[in-house]
Amino acid sequence: MKAKQREKGKPAAPARRCKWHEMNRKQRREMMRKLQSEDLSMEVIHPDAAGIDIGNEFHYVAVPQKRDSEPVRRFGCTTAELKTMAEWLQQCGIRTVAMQSTGVYWIAVYDVLEEAGLEVYLVNARETKNLPGRKSDVQESQWLMKLHTYGLLRNSFRPVQEIRTMRTYWRQRNDLVRSATRHIQRIQKVLTQMNIQLANVLSDISGKSGQAIIHAILAGERDPYELAAMCDVRVQASEEEIAQSLEGHWQPDLLFVLKQEQDGYEFCQKQIAQCDGQLEHYLQQREDRSHGAPLPEEKRKVRLKKKYGNRPQFDLRAELFRMTGTDLTRIDGIDVTTAATILSEAGYDMSRWETENHFVSWLRLCPDNRISGGKIIGQGRLPTNNRATIALKMAASALRTSQTYLGAQFRRFRTKLGGSS
Numbered sequence: 111m112k113a114k115q116r117e118k119g120k121p122a123a124p125a126r127r128c129k130w131h132e133m134n135r136k137q138r139r140e141m142m143r144k145l146q147s148e149d150l151s152m153e154v155i156h157p158d159a160a161g162i163d164i165g166n167e168f169h170y171v172a173v174p175q176k177r178d179s180e181p182v183r184r185f186g187c188t189t190a191e192l193k194t195m196a197e198w199l200q201q202c203g204i205r206t207v208a209m210q211s212t213g214v215y216w217i218a219v220y221d222v223l224e225e226a227g228l229e230v231y232l233v234n235a236r237e238t239k240n241l242p243g244r245k246s247d248v249q250e251s252q253w254l255m256k257l258h259t260y261g262l263l264r265n266s267f268r269p270v271q272e273i274r275t276m277r278t279y280w281r282q283r284n285d286l287v288r289s290a291t292r293h294i295q296r297i298q299k300v301l302t303q304m305n306i307q308l309a310n311v312l313s314d315i316s317g318k319s320g321q322a323i324i325h326a327i328l329a330g331e332r333d334p335y336e337l338a339a340m341c342d343v344r345v346q347a348s349e350e351e352i353a354q355s356l357e358g359h360w361q362p363d364l365l366f367v368l369k370q371e372q373d374g375y376e377f378c379q380k381q382i383a384q385c386d387g388q389l390e391h392y393l394q395q396r397e398d399r400s401h402g403a404p405l406p407e408e409k410r411k412v413r414l415k416k417k418y419g420n421r422p423q424f425d426l427r428a429e430l431f432r433m434t435g436t437d438l439t440r441i442d443g444i445d446v447t448t449a450a451t452i453l454s455e456a457g458y459d460m461s462r463w464e465t466e467n468h469f470v471s472w473l474r475l476c477p478d479n480r481i482s483g484g485k486i487i488g489q490g491r492l493p494t495n496n497r498a499t500i501a502l503k504m505a506a507s508a509l510r511t512s513q514t515y516l517g518a519q520f521r522r523f524r525t526k527l528g529g530s531s
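Residue numbers (my numbering): 111 to 531.
Here it is in structure tokens:
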């Protein structure tokens with residue numbers, strides 16, 4: 111007797127239809143046959159569906175044959191053309207549109223169609239592959255329309271506008287931090303070429319002492335003892351050791367490069383400060399979801415070895431808590447910058463994913479099992495540049511030596527899965 115029996119008189123739940131990306135080769139061939147023959151046994155999920163093939167210069171839009179005398183049209187990429195596209199789709203009675211996430215070209219199309227009241231399905235091109243030899247702009251738009259009509263496409267996650275705006279600011283800030291880091295690396299290279307061994311006596315040339323010495327060098331100071339006297343008293347190396355490291359072979363061309371890179375670094379720092387101000391102003395205008403609750407006490411005290419570094423110059427932790435009502439930094443391994451990255455990429459509304467398994471799949475942290483005949487014939491992991499995934503991986507790495515429950519679990523699973531403890 112089955113553990114769970116269907117209640118008497120209650121109809122069984124309808125079988126879930128496989129999406130196109132979930133089908134194996136045999137299932138895809140069978141589905142292709144049905145789609146080409148317009149098999150009437152297939153259930154239509156979206157009768158008012160259209161497909162768009164996104165391009166750099168033109169977009170091809172396909173609607174059902176009976177909706178217009180010209181069911182496939184080509185539109186340009188200007189805003190006026192996109193609005194004309196939306197009007198034509200509405201005239202054809204279209205309610206939902208499917209398109210591939212091609213580069214960044216889809217963003218303007220998505221926004222215009224969304225403003226027009228159309229439901230937009232953004233799908234991964236990897237999950238809409240057609241048969242070989244059937245690739246043209248017109249056929250691609252018609253193929254997307256067919257798949258969408260029969261409910262074979264999976265909509266990609268796109269956060270709400272509030273999160274997208276925060277993501278823009280945060281990504282820009284991270285790009286500026288990376289640019290500043292590259293300038294520091296090139297400064298270090300130029301100093302080494304002139305045999306200025308500053309990195310041997312200072313842990314970070316972007317700190318107070320390093321910047322003071324570089325500014326003095328650019329101002330014309332060459333006396334190593336005068337330069338060494340500018341170091342902070344907390345520098346562990348002696349003044350004699352610092353002076354010996356600053357006896358270099360000065361070259362005009364390399365000094366010119368040093369000035370260029372220093373100017374670039376300082377410009378990036380100014381841009382980062384402006385980005386911090388804009389981000390702080392934006393977060394302060396968000397709805398208070400903490401309902402006035404006090405900010406929890408910080409779980410870990412931040413070491414003041416490098417007081418600020420590239421950390422935001424405002425209380426980002428407090429603003430994120432007010433915006434979400436949750437302090438993610440209470441989780442071991444997650445600091446405020448990691449929390450900001452996760453929130454700016456995934457948002458705070460976890461109901462967008464049905465289960466935690468769906469969320470892990472979106473992060474591409476689950477195995478990519480290749481199954482044939484009910485057996486796993488291959489395993490792998492799909493590549494991803496998801497910033498939230500990268501941030502979570504870095505947070506997990508920080509748990510390696512953590513004397514916490516999550517740290518113990520990390521080491522246990524690492525040993526269990528074959529890694530070194």
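Even for Gly, the Cβ is constructed at its ideal location relative to N, Cα and C.
{"query": "Beta-bridge pairing of residue 458 - partner residues as DSSP gives them", "result": "In the DSSP output, where bridge partners are listed per residue, residue 458 has none listed."}
{"query": "With 16 other Cβ atoms within 10 Å as the buried cut-off, status of residue 514", "result": "exposed"}
{"query": "Touch test, the region 422-431 against the region 398-412, Cβ-Cβ under 8 Å, three pairs minimum", "result": "yes"}
{"query": "Closest by C-alpha distance to residue 516, when choosing among 466, 447, 440 and 449", "result": "440"}
{"query": "Run of the beta strand (DSSP E) containing residue 565, from where it starts to where it stops", "result": "No statement about residue 565 is possible, as the shown extent of the chain runs from 111 to 531 and does not include it."}
{"query": "The region 358-377 in contact with the region 284-303 per 3-pair CB rule at 8 Å", "result": "yes"}
{"query": "Local Cβ density within 10 Å of residue 362, reported as buried at 16 or more and exposed below that", "result": "exposed"}
{"query": "Outcome for residue 461 when other beta-carbon atoms lying within 10 angstroms are tallied against a minimum of 16", "result": "exposed"}
{"query": "Residue from 332, 463, 447 and 344 whose Cα sits closest to the Cα of residue 354", "result": "332"}
{"query": "Runs of beta strand (DSSP E) wholly within the region 255-335 (minimum 3 residues, chain order)", "result": "none"}
{"query": "Other residues of its chain near residue 431: CB distance less than 7 Å, five sequence neighbours each side excluded", "result": "400, 405 and 437"}
{"query": "Contacts around residue 489, its chain only, beta-carbon distance under 8 Å, and the 5 residues preceding and following it disregarded", "result": "477, 478, 479 and 480"}
{"query": "Three-state secondary structure assigned by DSSP to residue 206", "result": "strand"}
{"query": "Secondary structure of residue 415, DSSP reduced to three states", "result": "Below a pLDDT of 50, predicted positions are generally treated as unreliable, and residue 415, at 46, falls in that range; no measurement from the model is reported."}
{"query": "Among 270, 229 and 263, the one whose alpha carbon lies nearest that of residue 238", "result": "263"}
{"query": "Unbroken beta strand (DSSP E) run spanning residue 176, endpoints", "result": "Premise fails: residue 176 is in no beta strand (DSSP E) and is neither H nor E."}
{"query": "Exposure of residue 612, with buried meaning 16 or more beta-carbon neighbours within 10 Å", "result": "Because the chain here runs from 111 to 531, residue 612 falls outside it and cannot be looked at."}
{"query": "Cβ separation of residue 420 and residue 219, assumed to be a contact under 8 Å, to the nearest whole Å", "result": "With a Cβ gap of about 35 Å, residue 420 and residue 219 do not count as contacting."}
{"query": "For residue 233 and residue 174, the rounded distance between their alpha carbons", "result": "20 Å"}
{"query": "C-beta atoms of residue 226 and residue 196 nearer than 9 Å", "result": "yes"}
{"query": "Cβ contact check for the region 386-394 and the region 313-333: 3 or more pairs under 8 Å", "result": "no"}
{"query": "Bridge-paired residues (DSSP) for residue 355", "result": "According to DSSP, which records beta bridges pairwise, residue 355 is partnered with nothing at all."}
{"query": "Three-state secondary structure assigned by DSSP to residue 214", "result": "coil"}
{"query": "Residue burial classification, residue 383 (beta-carbon count within 10 angstroms, cutoff 16)", "result": "exposed"}
{"query": "Uninterrupted beta strand (DSSP E) stretches inside the region 484-519 (no shorter than 3 residues)", "result": "485-488"}
{"query": "Neighbour flag for residue 225 against chain B, beta carbons, 9 Å", "result": "Checking the listed chains, one finds no chain B in this structure; it contains a single protein chain."}
{"query": "Reduced DSSP category for residue 387 - H, G, I as helix; E, B as strand; rest coil", "result": "helix"}
{"query": "Cβ neighbour criterion (16 or more within 10 Å) applied to residue 94", "result": "The requested residue 94 does not occur in the structure, where the chain is confined to residues 111 to 531."}
{"query": "Exposure label - residue 251; buried when at least 16 CB within 10 Å", "result": "buried"}
{"query": "Whole-angstrom distance between residue 327 and residue 376, CA atom to CA atom", "result": "16 Å"}
{"query": "Presumed contact (8 Å Cβ cut-off) between residue 71 and residue 248, rounded CB distance", "result": "Residue 71 lies beyond the range of the chain shown here (111 to 531); nothing can be said about it."}
{"query": "Assumed close pair residue 209, residue 164 - CB separation to whole angstroms, cut-off 8 Å", "result": "5 Å"}
{"query": "Under the three-state DSSP convention, the category residue 348 falls into", "result": "coil"}
{"query": "6 Å CB neighbourhood of residue 508 in its chain, flanking five on each side removed", "result": "443"}
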